[in-house]
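When the letters of the sequence shown are read in order and numbered with the numbering used here, they come out as residues 1 to 158. Backbone N, C-alpha and C define an ideal beta-carbon position, used for all residues, glycine too.
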Amino acid sequence: MGPLERGKRLLREAEAEGPWLLGEIQARPEIRLLHTLQTPLIDQCTQLLRNDGITRITVVSPFLDHSAAALRELYTRFKPQCLRLVLQPGRATANGQALEGLLQAGVPLELYGFDDAKRYLHAKIYLSKATTRAIFSRAAPTAPGQAYSQTPPAATWR
């Protein structure tokens with residue numbers, strides 16, 4: 001079976017599992033696609049969420065920038081009551097001194113471990129809880145700071 005036939009088979013299987021994929025999609029105004037083609041994502045989020053009262057931000061990422069600048073910027077811009085960081089022991093890259101510096105500066109940082117030896121937590125996800133809604137973001141670059149604060153070619157969001 002060649003690549004074309006395999007691709008067709010996979011698409012048929014996907015259709016069988018998710019018939020909604022073929023249906024007509026109705027636009028929902030509460031769902032927005034943000035991208036970094038012209039403006040860094042953090043600037044767009046700041047504008048979009050300026051009146052929302054962010055109460056909690058959860059960051060899931062295997063890689064953090066060395067100085068934890070992205071986490072500091074998230075806190076500075078949104079002032080959440082809680083900034084959660086989910087890391088996988090033995091697989092995450094983070095500077096403990098930088099995280100300690102955030103705590104000493106008064107950032108309400110909570111660390112959580114994702115301890116599953118069978119899975120590698122490679123997602124770069126931001127979950128924000130506001131007083132009236134929840135916001136989900138997913139990033140592609142290696143370091144979360146790149147995704148949130150830069151424009152192409154350094155930043156790619158999905």
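Residue pairing by DSSP places THR93 opposite PHE63 in a beta bridge.
Look at the stretch 90-139 and you find these whole runs of alpha helix (DSSP H), each 4 residues long or longer: 96-104.
Per DSSP, ARG28 is not a residue of any beta strand (DSSP E), being assigned neither H nor E. Only buried fits THR36, as 16 or more other CB atoms lie within 10 angstroms of its CB. Contact annotation, ARG84 with THR58: C-beta distance approximately 4 Å; criterion of less than 8 Å satisfied. Counted as a single uninterrupted DSSP element, the beta strand (DSSP E) harbouring ARG84 occupies residues 82-87. Just so you know, the alpha carbons of LEU4 and ARG138 end up roughly 30 Å apart.
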